[in-house]
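Chemist: Quick one: structure below, then a few questions.
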Amino acid sequence: MTARSKIIGTGSYLPKRILTNNELEKIVETSDEWITTRTGIKTRRIAGSGEETSEMAAEAANKALTMAGVTAQEIDMIIVGTITAEMVMPSCACLVQKEIGAENAFAFDISAACSGFLYALEIADRYIKNAPDMKILVIGAETLSARVDWQDRNTCILFGDGAGACVVTGSNDEDGLLSSQLYSDGRLWQLLSLDPAPRCYCPVVDYETIPDRKSSYDGSTFNMAGRDVFKYAVRGMGDAVEILLNKEGITVDDIDLMIPHQANIRILKSLAERVNLPFEKVYTTIQKYGNSSAASLPIALDEANREGRLQKDDLLLFSVFGGGFTWGVALWRW
74 MTARSKIIGT GSYLPKRILT NNELEKIVET SDEWITTRTG IKTRRIAGSG EETSEMAAEA
134 ANKALTMAGV TAQEIDMIIV GTITAEMVMP SCACLVQKEI GAENAFAFDI SAACSGFLYA
194 LEIADRYIKN APDMKILVIG AETLSARVDW QDRNTCILFG DGAGACVVTG SNDEDGLLSS
254 QLYSDGRLWQ LLSLDPAPRC YCPVVDYETI PDRKSSYDGS TFNMAGRDVF KYAVRGMGDA
314 VEILLNKEGI TVDDIDLMIP HQANIRILKS LAERVNLPFE KVYTTIQKYG NSSAASLPIA
374 LDEANREGRL QKDDLLLFSV FGGGFTWGVA LWRW
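Quick note on the numbering used here: the sequence shown kicks off at 74 and runs consecutively.
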């Protein structure tokens, strides 16, 4: 039997600063009622001093290592899903490696927006199939608050910061990753993006002839066509769930808990309705932490794990959707 990827430890880190809807009322034209009705969000966490993306990722990683009973020196690989690393080079994963002392690991980031953690988990699974004894840290970490236009009420109300992590290794038991499906559609990138991005200015290129190029980079902020994103997210994840369940020959009734990317409460409810999953089987943290992109699924996973919501042999459904577009689903036997 080919080894399956098994999660043996989870961890998360949430910034100390809590930003409420009432505080946002003082920043932009909005209200607690408007935000709650449309997003389900009441509060979100905002990173401060000593809470860079890599620092939060390292804190989450250390908690996952402690639960797993694994030392940092035993880790073979570190993958960080993020779109908000504090620098382009080195990678966030390399900074995490330094911070936790995992000198035997190789490390790299992946960029898949809100799908980053699940993409990273899939990569880890491919390595473990070839080398079941590997121990891999899979992390999702974001400081989205640094990329938000705080005058844009349609986006600034949504996003929060944080990090989640898990330790993955091989298992010959019946638990672990059963199946997954990942998708992308770059044709729709303009519906959800971080733009303008830093540009590379080559002296032999006449950038004056290229529209929309800035003469200086002053930071990326979110651009989002909310209604379109809503439509594609529900349809994309819904279709992916149905395809995966049919492929594995199981029904939605077999699912014990869905842990989705925490994008928006209306998206989560519409997704559950589309696949006929009772909403009480959907684990949500959106009300407390907002949308923390690649960090949201592993934060929710760790919280559900520490609350005792995950029992041995439970069948879990992970679902994600992010800019790119990227999306995916996975079935996990706990």
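Glycine is no exception: its CB is placed at the ideal position from the N, C-alpha and C atoms.
I need the DSSP call for Ser-215, collapsed to helix, strand or coil.
Modeler: Within the sequence shown, numbered from 1, the residue matching residue 215 stands at position 142. What sits at residue 215 in the sequence shown is Glu, not Ser. Residue state, collapsed to three classes: strand.
Chemist: What's the call for Asn-364, buried or exposed, on a 16-neighbour Cβ count within 10 Å?
Modeler: For the purposes of this step, residue 364 is taken as the residue at position 291 of the sequence shown. Buried, because 16 or more other Cβ atoms sit within 10 Å of the Cβ of Asn-364.
Chemist: In its own chain, which residues sit with a C-beta less than 8 Å from the C-beta of Gly-395, not counting the 5 before and 5 after it?
Modeler: Along the sequence shown, read from residue 1 onward, the residue named residue 395 stands at position 322. Around Gly-395: Ala-185, Ala-186, Cys-187, Ser-188, Gly-189, Leu-265, His-334, Ser-366, Ala-367.
Chemist: Tell me the start and end of each unbroken alpha helix (DSSP H) in the stretch 153-240 that is at least 4 residues and wholly inside, in chain order.
Modeler: As far as the stretch 153-240 is concerned, its whole alpha helix (DSSP H) runs of at least 4 residues are 165-173, 189-203.
Chemist: May I ask you to report which of helix, strand or coil DSSP gives Arg-382?
Modeler: The residue labelled residue 382 in the question sits at position 309 within the sequence shown. Of the three classes helix, strand and coil, the one that applies to Arg-382 here is coil, per DSSP.
Chemist: Is it true that the CB of Ala-336 sits closer than 8 Å to the CB of Ala-306?
Modeler: By 1-based counting over the sequence shown, the position of residue 306 is 233. By 1-based counting over the sequence shown, the position of residue 336 is 263. Yes, Cβ-Cβ distance for Ala-306 and Ala-336 is below 8 Å.
Chemist: Can you grab the Cα-Cα spacing for the pair Leu-390 / Val-314, in whole Å?
Modeler: Residue mapping note: residue 390 aligns to position 317 of the sequence shown, counting from 1. Residue mapping note: residue 314 aligns to position 241 of the sequence shown, counting from 1. Cα-Cα distance, rounded: 8 Å.
Chemist: Counting pairs of beta carbons, one from the stretch 130-144 and one from the stretch 238-248, are three or more of them closer than 8 Å?
Modeler: Yes: at least three Cβ pairs fall under 8 Å.
Chemist: Pick from Trp-405, Trp-262, Leu-267, Gly-233: whose alpha carbon is nearest that of Asp-327?
Modeler: Along the sequence shown, read from residue 1 onward, the residue named residue 327 stands at position 254. Here the closest residue by C-alpha is Trp-405.
Chemist: Contact between the stretch 150-163 and the stretch 193-213 is defined here as three or more beta-carbon pairs at a separation below 8 Å; is this criterion met?
Modeler: As far as the Cβ criterion goes, the stretch 150-163 touches the stretch 193-213, which means the pair count is three or higher.
Chemist: Taking only three categories from DSSP, how would you classify Val-325?
Modeler: Your numbering for residue 325 matches position 252 in the sequence shown. Here Val-325 sits in helix by DSSP.
Chemist: When DSSP labels each residue in this structure, what does Asn-364 get in the three-state scheme?
Modeler: Here residue 364 corresponds to residue number 291 of the sequence shown, with the count starting at 1. Three-state result, Asn-364: strand.
Chemist: Note down, in chain order, each residue of its chain lying with its Cβ closer than 7 Å to the Cβ of Pro-205, except the 5 sequence neighbours on either side.
Modeler: Taking the sequence shown and counting its residues from 1, one reaches residue 205 at position 132. Excluding positions up to five away in sequence, the list reads Ala-76, Gly-243.
Chemist: Assess contact between the stretch 126-137 and the stretch 78-87, defined as three or more Cβ pairs (one per stretch) separated by less than 8 Å. Is contact present?
Modeler: Enough Cβ pairs lie closer than 8 Å, so yes.
Chemist: Is the Cβ-Cβ distance between Trp-407 and Lys-385 less than 8 Å?
Modeler: Numbered from its first residue, the sequence shown carries residue 407 at position 334. Numbered from its first residue, the sequence shown carries residue 385 at position 312. Yes, these two residues count as a Cβ contact at 8 Å.
Chemist: Under 8 Å between the Cβ atoms of Arg-220 and Thr-103?
Modeler: Here residue 220 refers to the residue found at position 147 when the sequence shown is read from its first residue. Here residue 103 refers to the residue found at position 30 when the sequence shown is read from its first residue. No. Outside cutoff.
Chemist: Which residue wins for smallest C-alpha separation from Val-211, given the options Ile-108, Asn-378, Tyr-192, Ile-100?
Modeler: Translated into the one-based positions of the sequence shown, residue 211 becomes position 138. For Val-211, the nearest C-alpha among the options comes from Tyr-192.
Chemist: Tell me whether Lys-79 sits in a helix, a strand or coil according to DSSP, three-state version.
Modeler: The residue given as residue 79 occupies position 6 in the sequence shown. Lys-79 falls in the strand class under three-state DSSP.
Chemist: Using a 10 Å radius around the Cβ and a threshold of 16 neighbouring Cβ atoms, would you call Gly-123 buried or exposed?
Modeler: Walking along the sequence shown from the start, residue 123 turns up at place 50. When all chains shown are included, Gly-123 counts as exposed.
Chemist: When you compare each of Phe-179, Ser-392, Leu-388, Phe-295 to Ser-369 by their alpha carbons, which one comes out closest?
Modeler: Numbered from 1 along the sequence shown, position 296 holds the residue referred to as residue 369. When only C-alpha atoms are compared, the closest one is Ser-392.
Chemist: What would DSSP say about Thr-139, mapped onto helix, strand or coil?
Modeler: As a position in the sequence shown, residue 139 is number 66, starting the count at 1. Helix, per DSSP.
Chemist: Look at the Cβ atom of Asp-356, then the Cβ atom of Ile-340, and state whether they are nearer than 8 Å.
Modeler: Walking along the sequence shown from the start, residue 356 turns up at place 283. Walking along the sequence shown from the start, residue 340 turns up at place 267. It should be pointed out that residue 356 corresponds to Tyr in this sequence rather than to Asp. Taking 8 Å as the Cβ cut-off, Tyr-356 and Ile-340 do not qualify as a contacting pair.
Chemist: Please determine, among Arg-379, Gly-154, Gly-381, Asn-203, the residue with the shortest C-alpha to C-alpha distance to Ala-180.
Modeler: Walking along the sequence shown from the start, residue 180 turns up at place 107. Answer by Cα proximity: Gly-154.
Chemist: Going by C-alpha to C-alpha distance, which of Pro-163, Ser-78, Ala-373, Ala-158 sits closest to Ser-218?
Modeler: If you number the sequence shown from 1, residue 218 lands on position 145. Nearest C-alpha to Ser-218: Ala-158.
Chemist: Along the chain, where does the alpha helix (DSSP H) containing Ile-108 start, and where does it finish?
Modeler: For the purposes of this step, residue 108 is identified with residue 35 of the sequence shown, where counting begins at 1. Looking at the DSSP string, the run of the alpha helix (DSSP H) that includes Ile-108 is 105-112.
Chemist: If you check the beta carbons only, do Thr-216 and Thr-358 fall under 8 Å apart?
Modeler: Residue 216 sits at position 143 when you count from the first residue of the sequence shown. Residue 358 sits at position 285 when you count from the first residue of the sequence shown. No, the Cβ-Cβ distance between Thr-216 and Thr-358 is not below 8 Å.
Chemist: Which stretch, first to last residue, makes up the beta strand (DSSP E) that contains Asn-337?
Modeler: Taking the sequence shown and counting its residues from 1, one reaches residue 337 at position 264. Taken as a continuous stretch (DSSP letters only), Asn-337 belongs to no beta strand (DSSP E), as it is neither H nor E.
Chemist: Are Asp-248 and Leu-330 touching if we call contact CB-CB under 8 Å?
Modeler: Looking up residue 248 in the sequence shown gives position 175. Looking up residue 330 in the sequence shown gives position 257. Contact: no.
Chemist: Quick one, are the C-beta atoms of Ser-257 and Gly-121 less than 8 Å apart?
Modeler: For this step, residue 257 is matched to residue 184 along the sequence shown. For this step, residue 121 is matched to residue 48 along the sequence shown. Contact: no.
Chemist: Quick check: the Cα distance between Arg-118 and Arg-308, rounded to an integer number of angstroms?
Modeler: Along the sequence shown, read from residue 1 onward, the residue named residue 118 stands at position 45. Along the sequence shown, read from residue 1 onward, the residue named residue 308 stands at position 235. Going from the Cα of Arg-118 to the Cα of Arg-308 covers about 29 Å.
Chemist: According to DSSP, what are the bridge partners of Asn-296?
Modeler: Position 223 of the sequence shown, counting from 1, holds the residue named residue 296. Bridge partners of Asn-296: Ser-266.
Chemist: In whole angstroms, give me the CA-to-CA distance for Gln-254 and Thr-324.
Modeler: Translated into positions along the sequence shown, residue 254 becomes position 181. Translated into positions along the sequence shown, residue 324 becomes position 251. Distance between the alpha carbons of Gln-254 and Thr-324: 16 Å.
Chemist: Between Glu-172 and Ile-80, what straight-line distance do the alpha-carbon atoms span, to the nearest angstrom?
Modeler: Working through the sequence shown from its first residue, we reach residue 172 at position 99. Working through the sequence shown from its first residue, we reach residue 80 at position 7. If you take the alpha carbons of Glu-172 and Ile-80, they lie about 22 Å apart.
Chemist: What residue range is occupied by the uninterrupted beta strand (DSSP E) comprising Leu-97?
Modeler: Taking the first residue of the sequence shown as 1, we reach residue 97 at position 24. Where Leu-97 is concerned, there is no enclosing beta strand (DSSP E), although the alpha helix (DSSP H) it sits in stretches over 94-97.
Chemist: Which value, in whole angstroms, describes the spacing of the CA atoms of Leu-318 and Thr-93?
Modeler: As a first step, residue 318 is located in the sequence shown; it is residue number 245 there, counting from the start. As a first step, residue 93 is located in the sequence shown; it is residue number 20 there, counting from the start. Their backbone Cα atoms lie some 38 Å apart in a straight line.
Chemist: Could you spell out where the beta strand (DSSP E) holding Phe-394 opens and where it closes?
Modeler: Translated into the one-based positions of the sequence shown, residue 394 becomes position 321. Its beta strand (DSSP E) spans residues 388-395.
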